[in-house]
Amino acid sequence: MSPADLPTSTSQADAAASAALLRVRGLQKSFGSNRVLESVDLTVGRGRVLALIGPSGSGKTTILRCLNGLELPDGGTIEVAAAADTDRGRVGQAPGRGTNTAVPVNVDFTVKTTSKQRADLRDRSAMVFQHYNLFPHKTVLQNVIEGPVVVQRRPVAEVTAEALALLERVGLTDKQGSFPFELSGGQQQRVGIVRALALRPQLLLFDEPTSALDPELVGDVLRLIKELADEGWSMVIVTHELEFAREVAHEIAFVDGGTIVEHGEPKQLLRHPQQQRTRQFLHRLLNPF
Amino acid sequence: MIQPDWELFFGSFWPMVDGAVRGTIPLALTSFAIGLVLALVLALMRLSTKRWLSGIARGYISIVRGTPLLVQLFVIFYGLPSVGVLIDPWPSAIVAFSINVGGYAAEVIRAAILSVPKGQWEAAYMIGMSHRRALTRIILPQAARVSVPPLSNTFISLVKDTSLASLILVTDLFREAQQIASFSNEFMLIYLEAALIYWVICLVLSTGQGFLEKRLDRYVAR
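Protein chains in written order, with our numbering: chain A, 1015 to 1303; chain B, 13 to 234.
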């Protein structure tokens, strides 16, 4: 039983500290007649990392995309708690943005949603894409500050200073004026991560962040994600890197056939999978030949 | 061997350039500017998920591309007065050419928008942009790069097509040429001279296209 399911008789402070940051219930999504998500339930606590693993086509990326509003679910609810001081990302309201993260957001997709609701939900998370999806016509720095300045309407000087600090942290200070095509894949993905961080989200979403990278560039990106996890960022990561998932995640969920087949602590799930499907998947992944 | 009448050649040069500067060039520029705005609207309508919007755009493009420009020009200038709409030569020409450019450029712009990877829309949405903002700040700048060569083609065609305006009494380069040719009887010399001036204008445009492409290509690997 997760802490979030406890009765809410505890004090406000306790509730805020123990309540889940993200709660997904009965999430459904079909593309035409193809049911991609049957019914997905998942919970991510504050400062926790959830890794989604599973075969391709299992729906794990679709889950992530629903969280950021890139897909509109057909049913189910997605709930994100109010921003708390313990959240790594944005606290309180982003001036001018029109969404208030000091209150929880709870979107029920079984009924028609408003664009305001969807914007509120999207505002809570930021996504790192498999293929980086940096804006090719903007420099590295412009890529990072575009959202905070243009969408969130924060002061340019403040955002720029923050962006430069983030770029320094990932070792790309000297690339701030470069265009994405001038960077290696690993560098582009680090800019992608910085772009997500600059949005000050409550929740970071990673969609197979190293799948498009050359093997020798994977390490840098994984190390950065691990650092962020250690700093207490709340994350959902879709990945094929089992070793990495074990390292970084507090919990792993195995997704197959549009549903979460089983979930648990990394060691438990990877070493002693309870379900036949999980066992088969892990077996195939660990013994490719 | 017929000796060219150089005196006539140089004497008619400036009247023709004058026709280009006061007729051909402003006509082409104005029609292209209006046509581009029209084309952008049509391209977005065509890409709309609303059936009736894309249907209207599709019909418009089909009619414009499926009928001769000269016929469009004549319908507006000679045809409309019979239903009580009298338009002067200049505005008639601008209306006809704008409508025409709108139809052709719409397909170019639509294709250019579609050429921008879907991931760019998603990244724009991810950072919180609305559809309109994603379009103006992320998609169109990238589509612009792709559409410069085909739009330059459209523009160069338009410059030459403006010669048709002489048939609805607009004083342009070609009308000057016609007038000089008919009183001097030097058809070969004068029309070749007119061709030369058109060619020079288009050369300048091609150079401009080169500069623009280079400028927009600075963020692309080669």
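By construction, the Cβ of each residue, glycine as well, lies at the ideal position given by its N, Cα and C atoms. Since the model is a prediction, treat every value here as computed from it, not as a measurement.
Contacts that residue i makes with chain A (C-beta to C-beta distance below 7 Å)
i, result
"Y231 of chain B", "P1150, H1151, F1193, F1195"
"I150 of chain B", "F1149"
"M141 of chain B", "V1165"
Contacts of residue i in chain B (Cβ-Cβ under 7 Å)
i, result
"R1214 of chain A", "Simply none; closest approach about 11 Å."
"G1161 of chain A", "I139, G140"
"A1140 of chain A", "M138"
Nearest to residue i (by Cα), restricted to the options the options
i, options, result
"G1246 of chain A", "A:G1059, A:P1162, A:R1037, A:F1193", "A:G1059"
"T219 of chain B", "B:A189, B:V160, B:Y231, B:A207", "B:V160"
"R227 of chain B", "B:H143, B:V158, B:W26, B:L215", "B:V158"
"L179 of chain B", "B:R144, B:I88, B:S66, B:W26", "B:I88"
"T1273 of chain A", "A:S1053, A:A1095, A:V1173", "A:S1053"
"P1194 of chain A", "B:D229, B:P162, B:Y210", "B:D229"
"A1263 of chain A", "A:G1271, A:Q1282, A:D1270", "A:Q1282"
"V1038 of chain A", "A:N1048, A:T1124, A:R1049, A:S1047", "A:T1124"
"D1270 of chain A", "A:P1069, A:L1081, A:G1046", "A:P1069"
"H1237 of chain A", "A:Q1203, A:E1265, A:F1268", "Residue 1237 of chain A is actually Arg in this sequence, not His. When only C-alpha atoms are compared, the closest one is A:Q1203."
"R1183 of chain A", "A:V1205, A:P1162, A:E1172, A:V1173", "A:V1205"
"E19 of chain B", "B:W211, B:H143, B:I192", "B:I192"
Proximal residues of chain A, C-beta to C-beta of residue i below 8 Å
i, result
"A155 of chain B", "Those within 8 Å of A155 of chain B in chain A number zero; the least Cβ separation is about 10 Å."
"G131 of chain B", "F1143, H1145, N1147"
Boundaries (first-last residue) of the beta strand (DSSP E) holding residue i
i, result
"G1040 of chain A", "1034-1045"
"D1228 of chain A", "No beta strand (DSSP E) contains D1228 of chain A, which DSSP labels as neither H nor E."
"A1267 of chain A", "1265-1270"
"T1139 of chain A", "Note that residue 1139 of chain A is Ser in the sequence shown here, rather than Thr. Counting along the chain, the beta strand (DSSP E) containing S1139 of chain A begins and ends at 1139-1142."
"D1049 of chain A", "Strictly speaking, residue 1049 of chain A in this sequence is Arg, with Asp absent from that position. Element bounds for R1049 of chain A: 1048-1059."
"F1220 of chain A", "1217-1221"
"D1350 of chain A", "This structure cannot settle anything about residue 1350 of chain A, because the visible part of chain A is limited to 1015 through 1303."
"I1067 of chain A", "1063-1067"
"E1093 of chain A", "1089-1094"
"V95 of chain B", "Counting along the chain, V95 of chain B falls outside any beta strand (DSSP E), and DSSP gives it neither H nor E."
"T1306 of chain A", "What the structure shows of chain A is the stretch from 1015 to 1303, and residue 1306 of chain A is not part of that stretch, so it cannot be assessed."
Proximal residues of chain B, C-beta to C-beta of residue i below 8 Å
i, result
"L1084 of chain A", "E134, Y137, M138"
"D1137 of chain A", "G140"
Chain-order list of residues whose beta-carbon lies under 6 Å from that of residue i (same chain, five-residue window excluded)
i, result
"T1187 of chain A", "L1181"
"V1158 of chain A", "A1177, V1208, R1209, A1212"
"M138 of chain B", "none"
"A1096 of chain A", "A1116, V1117, P1118"
"H1145 of chain A", "A1226"
"G1106 of chain A", "The predicted model places G1106 of chain A with a pLDDT of 44, which falls under 50 and marks its position as unreliable, so this point remains unresolved."
"Q132 of chain B", "I150"
Opening and closing residue of the alpha helix (DSSP H) in which residue i lies
i, result
"H1297 of chain A", "1290-1300"
"F199 of chain B", "199-228"
"S1248 of chain A", "Counting along the chain, S1248 of chain A falls outside any alpha helix (DSSP H), though it belongs to the beta strand (DSSP E) covering 1248-1252."
"E1257 of chain A", "1256-1262"
"G1199 of chain A", "1199-1212"
"V49 of chain B", "37-59"
"G121 of chain B", "Strictly speaking, residue 121 of chain B in this sequence is Ile, with Gly absent from that position. Unbroken alpha helix (DSSP H) run through I121 of chain B: 101-127."
"T166 of chain B", "152-173"
"P27 of chain B", "18-31"
"N1114 of chain A", "It is not in any alpha helix (DSSP H) - N1114 of chain A carries neither H nor E in the DSSP assignment."
"N1157 of chain A", "1154-1160"
"I73 of chain B", "63-78"
Close-in-space but distant-in-sequence residues of the same chain around residue i (CB under 7 Å, 5 per side omitted)
i, result
"R77 of chain B", "G115, Y116"
"S110 of chain B", "S43, I46, G47, L50"
"Q84 of chain B", "A108, I111, N112"
"D17 of chain B", "E198, L201"
"K1189 of chain A", "V1154, L1197, Q1201"
"E1261 of chain A", "K1240"
"R1079 of chain A", "E1085"
"N1082 of chain A", "R1136, S1139, M1141, L1219"
Cutoff 8 Å; reference residue i; Cβ partners in own chain excluding five residues on either side
i, result
"A40 of chain B", "F109, F167, L170, V171, T174"
"T1127 of chain A", "L1086, V1121"
"N1301 of chain A", "none"
"T183 of chain B", "G31, R34, G35"
heavy atom of the ligand FAD below 7 Å from residue i C-beta
i, result
"F89 of chain B", "This structure simply doesn't include the ligand FAD, nor any ligand for that matter."
The region 141-154 of chain B contacting the region 1134-1154 of chain A, beta-carbon criterion three pairs below 8 Å: yes
Inter-stretch contact (C-beta, 8 Å, three-pair minimum) for the region 1088-1096 of chain A and the region 1034-1046 of chain A: yes
Segment contact flag, the region 1130-1141 of chain A with the region 1209-1229 of chain A, C-beta cutoff 8 Å, min 3 pairs: yes
Three-pair Cβ contact test at 8 Å for the region 1246-1265 of chain A versus the region 1062-1071 of chain A: yes
Three-pair Cβ contact test at 8 Å for the region 1293-1301 of chain A versus the region 176-187 of chain B: no
Contact the region 28-37 of chain B vs the region 85-101 of chain B: 3+ CB pairs below 8 Å: no
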